[in-house]
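A.B. asks: Okay, so the sequence shown: first residue is 3 according to my numbering, each after it adds one.
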Amino acid sequence: MNAPTTVTGGFGYADWTETTIGPAETLPRLARASVVNTFTGGIEAAATVCEYVLVYATATTGGFTGLQRFTGRLDGRAGGFVVEERGTFEEDGSVRCTFEVVPGSATGELTGLRGTGGYHYRPGDSPVPFTFTYELG
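1) In the DSSP assignment, the beta strand (DSSP E) including S36 goes from what residue to what residue?
2) Determine whether the beta carbon atoms of F66 and Y54 lie at a separation below 8 Å.
3) So P131 is in the beta strand (DSSP E); what residue range does that whole segment cover?
4) Could you please give the first and the last residue of the uninterrupted beta strand (DSSP E) stretch that includes E102?
5) Assuming G89 and C99 form a contact by the criterion Cβ under 8 Å, report the distance between their Cβ atoms to the nearest whole angstrom.
6) Tell me which residue opens and which closes the beta strand (DSSP E) that T8 is part of.
7) Helix, strand or coil: how does DSSP classify G126 here?
8) Anyone know if the C-beta pair for G74 and A108 falls short of 8 Å?
9) If F134 and I45 are in contact, beta carbons under 8 Å, what's the gap, nearest whole angstrom?
10) The beta strand (DSSP E) that contains G114, what's its start and end?
Below is the structure:
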């Protein structure tokens, strides 16, 4: 196993498509979102595939979980991997999220990848800053 490495960068989304699951007027309310992101910096990945399930506790607050697939480069190494995400969104528009590589999901030069990361979005952040700490082995 190599020593852990931390990379940073930013991301933005190109598409956010959200649909309500069940009654739209009832809280808590469930929704599904399909998102396309582009990452730059330590992770270089255009047009990631991301699927979220959200729960709205109020009209503007709640939590989410999801999976996101990256295909591109991590610290210059080509391949792909999937992360599981968990987060919250607040009334002020901020979002906090942590994510972890799904074991066995990495391909190419990233095979054997393990890692965790996260971001804290504040309204106006563009791109959204992220950190990711990983090991290859």
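Beta carbons: idealized from backbone N, C-alpha and C, even for Gly.
C.D. replies: Answer, in terms of the structure:
1) 31-43
2) yes
3) 130-137
4) 97-103
5) 3 Å
6) 7-23
7) coil
8) no
9) At roughly 6 Å, the Cβ-Cβ gap stays under 8 Å, so F134 and I45 are in contact.
10) Going by DSSP, G114 is part of no beta strand (DSSP E) at all; its letter is neither H nor E.
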